[in-house]
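In what follows, a structure is listed as structure tokens, so that the remarks can point back to it.
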Amino acid sequence: MGIRIYICPVIGDGLSPATAWRPKAADLVNSGVERFEAVLQQRMADFAWTLAIARSSSWTAADADAQLERVFGIDLPDNINTWPEVKAFLQSKTVGDIPAARRLALQTRLEAKGIDTSQTTLQTTWWQVLRGIVRHLNNGVLPSEDGFSMS
Amino acid sequence: MTTLTDNFNRANGAIGNSSEGWSWTVTGGTFTVASNECSCDSAGIMHAASDLAGDDHFVEATIRDTIITNWGITARYADDSNFYLAQATSTSLTIFKNVSGFTQIATTGSLTIAQGDVIKFECNNSALKVYENGVERVSVTDTSLTGQIRCGIRSGSSLRLYDDWSAADLSAGGGTRPAKMAGYWAGYAGLSGGFAG
Chain B
1 MGIRIYICPV
11 IGDGLSPATA
21 WRPKAADLVN
31 SGVERFEAVL
41 QQRMADFAWT
51 LAIARSSSWT
61 AADADAQLER
71 VFGIDLPDNI
81 NTWPEVKAFL
91 QSKTVGDIPA
101 ARRLALQTRL
111 EAKGIDTSQT
121 TLQTTWWQVL
131 RGIVRHLNNG
141 VLPSEDGFSM
151 S
Chain Z
152 MTTLTDNFNR
162 ANGAIGNSSE
172 GWSWTVTGGT
182 FTVASNECSC
192 DSAGIMHAAS
202 DLAGDDHFVE
212 ATIRDTIITN
222 WGITARYADD
232 SNFYLAQATS
242 TSLTIFKNVS
252 GFTQIATTGS
262 LTIAQGDVIK
272 FECNNSALKV
282 YENGVERVSV
292 TDTSLTGQIR
302 CGIRSGSSLR
312 LYDDWSAADL
322 SAGGGTRPAK
332 MAGYWAGYAG
342 LSGGFAG
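Residue numbers (the numbering used here), protein chains in the order written: chain B, 1 to 151; chain Z, 152 to 348.
See below:
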């Protein structure tokens with residue numbers, strides 16, 4: 001059961017728990033006894049989209065929805081279950097590791113969301129890419145350290 | 152260290168004061184005592200009109216419903232637009248934050264939540280965790296609400312039943328922190344980490 005990191009629309013209106021702002025992935029992931037996680041320090045009402053990290057025993061519903069985009073176009077390996085493992089994996093991969101066609105898709109995906117990729121290089125790690133998205137969603141505030149260079 | 156409890160073992164009628172003597176403040180809906188349980192007769196929210204010592208605290212209660220939906224307990228409550236909510240249905244536990252609107256920040260997959268289950272919602276610094284009968288079911292990291300030291304009950308629909316409600320500080324001294332660090336991204340908590348570093 002792998003983990004996926006999605007860019008997906010924010011749905012809901014925030015008026016009640018039943019219609020709370022949430023990533024669309026939340027409604028499409030059948031996570032069984034595993035957990036769906038979405039971390040959203042952003043004020044969701046301020047954005048039409050967000051990041052979500054999800055586990056599921058079946059991705060059928062998620063795969064059927066074109067609005068759910070896996071950030072890096074892949075499932076994380078099945079042996080990754082904890083945040084330190086996620087972080088280590090993302091730090092171990094660079095943009096240069098991504099095949100050219102998928103790399104272009106990633107760039108297109110990010111730029112379509114208004115994220116500046118001009119400083120991204122083949123040496124930029126996936127972790128740094130994710131942090132750039134986080135900063136964008138977090139009104140320009142970047143968590144300290146890690147040397148992220150995307151503006 | 153402050154502990155608040157209410158076992159609702161008193162005469163049927165208005166929710167009134169707790170078994171310990173402190174009062175409930177109902178800000179929406181109707182809550183009554185019925186058969187030594189708390190009954191939410193119409194969807195609403197109430198909180199203990201008594202402070203805990205700090206914002207690192209837990210709130211817990213026993214589910215007395217047979218059909219479980221919109222059963223919730225609140226922590227770090229300031230007003231009806233500022234609190235965390237742990238909400239149970241018969242198949243899930245979900246953490247919401249209400250900061251001028253509800254945001255779902257974490258939810259479980261399929262569970263079997265039943266009458267008699269004890270649901271505990273713990274807010275420890277930025278870590279928010281929900282337990283079912285002592286087993287952690289869902290967690291997330293969030294820094295949106297700090298410094299708020301009241302807890303309560305929120306029911307999203309009528310005829311929800313609660314028993315043995317309690318709230319307490321996690322440690323002596325309370326540990327209330329300054330206002331949140333604006334914009335700090337805490338991370339994907341269920342995975343126990345963050346973006347810093």
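Even glycine gets a Cβ: it sits at the ideal position worked out from N, Cα and C. Computed from a predicted model, the values in this text were never measured in an experiment.
query = Count the other CB atoms within 10 Å of the CB of Val33 (chain B); is the residue buried (16 or more) or exposed (fewer)?
reply = Caution is warranted here: a pLDDT of 34 is assigned to Val33 (chain B), below 50, making its placement in the model unreliable, and the coordinate value is therefore given only provisionally. Val33 (chain B) should be labelled exposed.
query = Cα-Cα, which of Z:Ser251, Z:Leu296, Z:Leu244 and Z:Asn249 is closest to Val281 (chain Z)?
reply = Z:Leu244
key: Residues within the stretch 191-205 of chain Z neighbouring chain B, beta-carbon criterion of under 7 Å   = none
inquiry  = Less than 7 Å separating the Cβ of Ser169 (chain Z) from some heavy atom of the ligand PLP?
reply    = With respect to the ligand PLP, the structure shown offers nothing to examine, as it has no ligands at all.
inquiry  = According to DSSP, is Arg35 (chain B) part of a helix, a strand, or is it coil?
reply    = Below a pLDDT of 50, predicted positions are generally treated as unreliable, and Arg35 (chain B), at 43, falls in that range; the measurement from the model is reported next regardless. Strand, per DSSP.
ask   = Is Arg22 (chain B) close to chain Z, meaning its C-beta is less than 8 Å from at least one C-beta of that chain?
value = yes
inquiry  = Which residues in chain B have a C-beta closer than 7 Å to the C-beta of Leu279 (chain Z)? List them in chain order.
reply    = In chain order: nothing, as chain B lies at least about 11 Å away.
query = Hey, does Gly252 (chain Z) have any beta-carbon neighbour from chain B nearer than 8 Å?
reply = yes
task = With 8 Å as the threshold, decide whether the Cβ of Pro9 (chain B) is near any Cβ in chain Z.
result = no
Beta-carbon gap between Gly153 (chain B) and Ala25 (chain B) smaller than 8 Å = Beyond the ends of chain B as shown, which are 1 and 151, falls residue 153 (chain B); an answer cannot be given.
query = For Leu155 (chain Z), which three-state DSSP category applies?
reply = strand
ask   = Going along chain Z in order, which residues have a C-beta closer than 9 Å to the C-beta of Pro17 (chain B)?
value = Asn221, Gly223, Leu236, Gln238, Thr245, Phe247, Asn249, Phe253, Gln255, Arg305 and Gly307
ask   = Rounded to whole angstroms, how far is the Cβ of Gly180 (chain Z) from the Cβ of Ser306 (chain Z), which I believe are closer than 8 Å?
value = 7 Å
inquiry  = Counting only C-beta atoms, is Thr217 (chain Z) closer than 8 Å to chain B at any point?
reply    = no
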